[in-house]
Structure formats: C-alpha cells, structure tokens
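Comments concern the structure below.
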C-alpha cells in the first residue's frame with residue numbers, strides 16, 4: 399500500500415482505462431463523472447474520506463466505467479494495484495467484506511435515486 403497525493407483537477411482514473419488499481423480516500427474528495435453520448439459530462443457521485451473507489455475494475459477486470467477526478471487537493475492510499483480479486487481475498491479475506499459493503503451502499507443509493515421513476 400502506498401499513499402498518493404492529487405492536485406485539484408487531477409484525473410486519477412479515466413473512463414476506458416484498463417487497470418485494476420483500487421484506492422482508499424484519506425483526505426479531500428473526488429468527483430465521479432461519466433461522459434454521455436452527446437458529450438455532456440454528468441457528475442454521478444462524490445467520494446470522500448474513508449471511502450474507496452476503483453473496486454469495479456478490480457472485480458470484473460473490465461475498462462473503467464467512469465472518470466475519477468480530485469475536486470480539491472487530496473490524498474488516497476493504493477489498496478490494490480493491478481491485482482486479481484481471488485489472490486487479494488486469499489491474502490486478505492476482510493477485503494472482500496469491505497468491497498461488498500461499498501457495492502451494497504452504492505446500489506442502495508441508486509435504488510433510492512430511482513424511486514418514483516416510471517410511475
């Protein structure tokens with residue numbers, strides 16, 4: 399694990415990149431954005447201290463789905479760099495629980511944000 403420092407506006411992860419680095423935010427914050435088909439950039443989440451990002455690429459080994467940008471001077475600890483989820487869980491079983499909790503929290507937020515849609 400190593401701590402990295404990011405300046406405001408610095409892109410940490412770019413949508414479409416192929417890597418599996420996962421970070422834990424120490425200080426500051428990050429915006430999660432997605433570029434829509436018409437070129438519009440949509441902010442989809444804000445990540446702050448004690449939250450992780452990059453876990454999807456770690457799990458499914460697919461290109462990054464969104465761009466993560468520091469919205470202020472920030473620091474984050476690299477938890478896993480270019481590892482595969484199976485070896486990480488073997489060496490650190492608690493990591494899986496942390497990742498599952500993060501995914502559950504984000505899924506719940508998506509569900510709450512879509513209440514009333516389509517009614």
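Numbering (our numbering), first residue to last: 399 to 517.
Where is the CB? At the ideal position from N, CA and C, for every residue including glycine.
Closest Cα partner of residue i within the set the options
i, options, result
"residue 461", "402, 417, 484", "417"
"residue 477", "452, 488, 458, 499", "452"
Residue i vs residue j beta-carbon contact at 8 Å
i, j, result
"residue 434", "residue 440", "yes"
"residue 430", "residue 474", "no"
"residue 411", "residue 489", "no"
"residue 467", "residue 407", "yes"
"residue 483", "residue 505", "no"
"residue 520", "residue 445", "The shown model of the chain, from 399 to 517, leaves out residue 520, and the question about it has no answer."
Residue i - partner residues in DSSP beta bridges
i, result
"residue 443", "430"
"residue 423", "474"
"residue 486", "Its beta-bridge partners do not exist; DSSP assigns none."
"residue 409", "467"
The beta strand (DSSP E) enclosing residue i, as first and last residue numbers
i, result
"residue 468", "465-468"
Run of the alpha helix (DSSP H) containing residue i, from where it starts to where it stops
i, result
"residue 400", "Residue 400 -> not in any alpha helix (DSSP H); beta strand (DSSP E) instead, spanning 400-404."
"residue 491", "491-511"
"residue 415", "Note, residue 415: premise wrong, no alpha helix (DSSP H); not H, not E."
"residue 453", "453-458"
Span separating the alpha-carbon of residue i from that of residue j
i, j, result
"residue 404", "residue 471", "6 Å"
"residue 500", "residue 400", "21 Å"
"residue 512", "residue 486", "33 Å"
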